[in-house]
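In the numbering used here, the protein residues as written are 177 to 508. Note that beta-carbon positions come from the ideal geometry of N, C-alpha and C, so glycine has one too. Reviewing the structure listed below.
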């Protein structure tokens with residue numbers, strides 16, 4: 177089969193399209209012939225050696241995908257050959273070969289059916305970003321739970337994969353959603369998808385603009401998909417007892433800030449790692465996510481689709497800041 181091979185930790189530019197033997201599933205695994213894969217910033221981080229995992233090289237990136245079951249393991253009894261399936265949460269693309277290949281082995285427990293009415297494209301790009309957004313929204317309670325209704329949610333990088341998922345799920349939880357995006361067209365789109373307020377993160381008076389829009393309320397939860405210099409603005413927008421779920425770092429290193437702003441307002445920060453989900457927890461969250469999307473009448477958003485041979489162009493688009501997910505088409 178063909179696959180995009182990572183021979184080093186020198187970045188996406190060093191990936192090469194090559195031939196490797198077809199993989200063979202173990203007793204509890206399934207071989208999936210892929211139709212679509214999705215690209216994620218974490219793929220690029222891993223390719224640069226900026227990710228905790230250090231898989232054996234050559235490695236195949238790709239954590240999301242959808243396709244048809246081609247071979248089932250000897251102990252698999254609940255999945256049929258030819259059945260279309262999506263990949264939920266497992267170590268593919270991280271510790272073991274991923275979806276930037278024509279075929280991939282997936283543990284049976286990590287396969288799910290395509291939700292009723294969803295296209296293959298919508299399914300291909302949804303699991304990782306929506307599970308990440310779900311964790312970012314719910315991790316502040318034990319057991320995990322939605323923030324209080326009508327509380328304020330601030331989402332940076334709101335037009336990206338996790339950002340859009342956070343906006344949609346936030347609206348399903350009856351939150352007042354404030355989205356940040358540098359692009360005027362994307363800000364307009366965010367409004368149509370349910371964001372109550374949208375702002376340009378490069379606004380010099382961002383914190384004041386947000387405060388004026390949501391007065392007398394304060395931001396209760398921020399999901400930060402960007403990091404960098406915007407982080408201090410996010411902190412400034414938070415109210416007493418506010419929380420920040422840290423998801424991304426596309427904006428670079430966070431500059432120094434006065435930690436007293438955390439102490440006196442009892443602000444809490446927490447990282448988000450979807451890899452911490454157990455399979456049962458991921459399945460439970462996924463069912464809730466699908467139901468909530470049905471309730472609000474929205475689906476996962478697709479920015480663009482590139483042919484398998486043009487994976488590097490897909491990563492270029494990802495770095496530009498897409499409106500939703502960038503997919504790779506492997507087969508019609």
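Output the distance between the C-alpha atoms of residue 359 and residue 296, rounded to the nearest integer angstrom.
On the chain shown, position 183 is the one that residue 359 refers to. On the chain shown, position 120 is the one that residue 296 refers to. The C-alpha of residue 359 lies about 28 Å from the C-alpha of residue 296.
Give the single residue among 223, 224 and 207 whose Cα lies nearest to the Cα of residue 249.
By one-based count along the chain shown, residue 249 stands at place 73. Of the candidates 223, 224 and 207, 207 places its Cα closest to the Cα of residue 249.
How many angstroms separate the CA atom of residue 229 from the CA atom of residue 269? Position 53 of the chain shown, counted from the first residue, corresponds to residue 229. Position 93 of the chain shown, counted from the first residue, corresponds to residue 269. So the two alpha carbons sit approximately 10 Å from each other.
Problem set entry | Those residues which DSSP pairs with residue 356 across a bridge | Looking up residue 356 in the chain shown gives position 180. 375.
The beta strand (DSSP E) with residue 510 in it runs from where to where? Residue 510 lies beyond the residue range present for the chain, which begins at 177 and ends at 508; the question has no answer from this structure.
_For a test of the three-state rule: what should DSSP assign to residue 323, helix, strand or coil?_
Taking the first residue of the chain shown as 1, we reach residue 323 at position 147. Coil, per DSSP.
* Who are the Cβ neighbours of residue 505 in its own chain at under 8 Å, not counting the five residues just before and after it? -> By 1-based counting over the chain shown, the position of residue 505 is 329. Closer than 8 Å at the Cβ level, and outside the excluded window around residue 505, lie 211, 212, 481, 482, 483 and 484.
* To do: Compute the Euclidean distance between the alpha carbons of residue 251 and residue 283, then round it to the nearest angstrom.
  => For the purposes of this step, residue 251 is identified with residue 75 of the chain shown, where counting begins at 1. For the purposes of this step, residue 283 is identified with residue 107 of the chain shown, where counting begins at 1. The alpha-carbon atoms of residue 251 and residue 283 are separated by roughly 11 Å.
ask   = Whole alpha helix (DSSP H) runs in the segment 189 to 239 with 4 or more residues, listed along the chain?
value = Runs of the alpha helix (DSSP H) inside the segment 189 to 239: 217 to 223.
Check the C-beta distance from residue 237 over to residue 180 and give it rounded, since I have them as a contact under 8 Å. Against the chain shown, residue 237 aligns to sequence position 61. Against the chain shown, residue 180 aligns to sequence position 4. Approximately 7 Å separates the beta-carbon atoms of residue 237 and residue 180; this is inside 8 Å, confirming the contact.
### Query
How many Å lie between residue 421 and residue 184 at the Cα?
Position 245 of the chain shown, counted from the start, is the residue given in the question as residue 421. Position 8 of the chain shown, counted from the start, is the residue given in the question as residue 184. Computed Cα separation, rounded: 31 Å.
Check your understanding: Which partner residues does residue 244 have in the DSSP bridge list?
Key -> If you number the chain shown from 1, residue 244 lands on position 68. For residue 244, the pairing in a beta bridge is given by DSSP as 209 and 260.
Review point. Any idea what DSSP makes of residue 182, helix, strand or coil?
Key: As a working mapping, residue 182 is identified with position 6 in the chain shown. Reduced to three states, the DSSP call for residue 182 is strand.
Q: Evaluate residue 447 with the Cβ neighbour count: other Cβ atoms within 10 Å of its Cβ, from every protein chain shown; 16 or more gives buried, anything less gives exposed.
A: One-based indexing of the chain shown puts residue 447 at position 271. Exposed: under 16 other Cβ atoms inside 10 Å.
On the DSSP letters alone, give me the boundaries of the beta strand (DSSP E) that residue 480 sits inside.
Indexing the chain shown from 1 puts residue 480 at position 304. Taken as a continuous stretch (DSSP letters only), the beta strand (DSSP E) holding residue 480 covers 478 to 483.
Within a Cβ cutoff of 8 Å, which residues of the same chain sit near residue 377, ignoring the five residues on either side of it in sequence?
Position 201 of the chain shown holds residue 377. For residue 377, the CB contacts under 8 Å within the same chain, skipping 5 residues up- and downstream, are 332, 356, 357, 358, 402, 406 and 409 in chain order.
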